[in-house]
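Each number in the numbering used here corresponds to the 1-based position in the sequence shown with 3 added. We put the beta carbon where it would ideally sit given N, CA and C, even for glycine. First the structure, in the form of structure tokens, and then the observations on it.
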Amino acid sequence: MSHVHHPDEGVGTEVRLPPAVRRALALALAPFILATIVGVVVLWPASSRPATTGNQGPPPVLHDAKVVLLTPSSCNQGQRCYTAAILLTSGPERGHSGELGDLVVGPGNPSLHVGDRIVVADYVDPTDGVHNYSFTDFKRTGPLVWLVVLFVVLVIAVARWRGLAAVAGLAITAGVLLRFVVPAILEGSSPVAVSLVGGALIMIAVLYLAHGVNGRTTIALLGTLGTLALTAGLAAAFVALTHLTGGASDEAIYVQVLSNKVNLSGLLLAGIIIGSLGVLNDVTVTQASAVWEIHLANPARGIVALWRSGMRVGRDHIASVVYTLVLAYAGASLPLLLIFSTSHLAAGNLLTSEIVAEEMVRAMVGSIGLVASVPVTTALAAFVVTRSGAAARGAEVPTLPAPA
Numbered sequence: 004m005s006h007v008h009h010p011d012e013g014v015g016t017e018v019r020l021p022p023a024v025r026r027a028l029a030l031a032l033a034p035f036i037l038a039t040i041v042g043v044v045v046l047w048p049a050s051s052r053p054a055t056t057g058n059q060g061p062p063p064v065l066h067d068a069k070v071v072l073l074t075p076s077s078c079n080q081g082q083r084c085y086t087a088a089i090l091l092t093s094g095p096e097r098g099h100s101g102e103l104g105d106l107v108v109g110p111g112n113p114s115l116h117v118g119d120r121i122v123v124a125d126y127v128d129p130t131d132g133v134h135n136y137s138f139t140d141f142k143r144t145g146p147l148v149w150l151v152v153l154f155v156v157l158v159i160a161v162a163r164w165r166g167l168a169a170v171a172g173l174a175i176t177a178g179v180l181l182r183f184v185v186p187a188i189l190e191g192s193s194p195v196a197v198s199l200v201g202g203a204l205i206m207i208a209v210l211y212l213a214h215g216v217n218g219r220t221t222i223a224l225l226g227t228l229g230t231l232a233l234t235a236g237l238a239a240a241f242v243a244l245t246h247l248t249g250g251a252s253d254e255a256i257y258v259q260v261l262s263n264k265v266n267l268s269g270l271l272l273a274g275i276i277i278g279s280l281g282v283l284n285d286v287t288v289t290q291a292s293a294v295w296e297i298h299l300a301n302p303a304r305g306i307v308a309l310w311r312s313g314m315r316v317g318r319d320h321i322a323s324v325v326y327t328l329v330l331a332y333a334g335a336s337l338p339l340l341l342i343f344s345t346s347h348l349a350a351g352n353l354l355t356s357e358i359v360a361e362e363m364v365r366a367m368v369g370s371i372g373l374v375a376s377v378p379v380t381t382a383l384a385a386f387v388v389t390r391s392g393a394a395a396r397g398a399e400v401p402t403l404p405a406p407a
């Protein structure tokens, strides 16, 4: 067994896999790569911005603006209101003044202050050409850019080249989702097929970019793709068994208005598949690395002993990651939980209502997938590294001459 030193890891070592093992890994991965390429070609959308089928009319013209003056006013029914004078900072009307009238003070309404950067919709009256403005949202570009810069700098400072590769992987992920997954679903392609193909494409690109083209990464990738298929199968089965339509949320209803080509139950499945990718990637990479390092520390361990050691690491990982996944879904659904906590529904009816059942299926199916990925990846990694050790030891033992 040879050792390769990595300049960014100090005294790092690596297992050099024999050619036969490398070929076996390549052959195991080849069907996944071929299916992904074929899927991308077949499902690639004709446009990155497919036309919607709803009758929403022409979209309003949006401008950036700055609040320059607030004036108290009164509204109907004694409500407290105010008027905001604004200065447009973008578009052909840049530098012109405008006004936002009858802004209500109270919960659920925007609270504007002088100096706020906002986005306004511009409606032109066709009879007299007067511009009427309405508040749309706050302008958040500056703070978000600084947050992204802080994240990128911190990741690269701590993880160095690996961090830079991870940031590039995030850019690839965003590109696949925005250029392939979302437009293909809007065009009417199967959300499940699109999410599986897009997820596989993301994992193949991101894992090799962040962790290098080697046997360890290939094992993690095989574990990820295999359990991703399991997750998709379980999600499809339980969405059907629980009769989930995918139309319980306001967002899903709005998507249906925008495009009647989108299958909402399929969209729910796609969300479960995409949502499980990050956690599966975390688990499989960790398990492959753990088995690798345990083998390097004691190359004499057999496959069973190595698998057991890797599983001890995996059990601790499962215990923490399951909580991470469930709490992530619970956090995203916190407003929903608050609403239901004030209702008078019985606990059984509450937990089996569609909008809660959707989140339960997401969390449980995703958790089952990541739990299954631990023994699968650990077993595959243990098998591969012990084969490489056996091959290396066999090469070092001289062949004895046959007795006369």
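L283 has its alpha-carbon roughly 20 Å from the corresponding atom of F241. Cβ neighbours of I205 within its own chain (closer than 6 Å, five residues either side excluded): T176 and V179.
Closest in C-alpha terms to P186, from the list V329, L270 and V288, comes L270. Inter-residue distance for D131 and A124 is about 18 Å (C-alpha atoms, whole angstroms). Boundaries of the alpha helix (DSSP H) around E296: L267 to A300. Bridge pairing for G101: I89 [DSSP]. As a beta-bridge residue in DSSP terms, T74 pairs with T86. In the three-state reduction of the DSSP assignment, D128 falls in the coil class, being assigned neither a helical nor a strand state. A check of alpha carbon separations from H214 across A291, L91 and P48 identifies A291 as the nearest. As for any alpha helix (DSSP H) of minimum length 4 sitting wholly inside the region 136 to 182, the runs are 144 to 179, ordered along the chain.
In the three-state DSSP reduction, L106 falls in the strand class (E or B). Here DSSP, grouped into helix, strand and coil, assigns D119 to coil. About 5 Å separates the beta carbons of A87 and V70, which is inside the 8 Å limit, making them a contact pair. The Cβ atoms of A293 and V316 sit closer than 8 Å to each other. The Cβ atoms of A223 and T380 lie closer than 8 Å to each other. Shown here, V64 sits in a strand according to DSSP, grouped into three states. The closest CA to that of T74, considering only K142, P146, D105 and S193, is found on D105.
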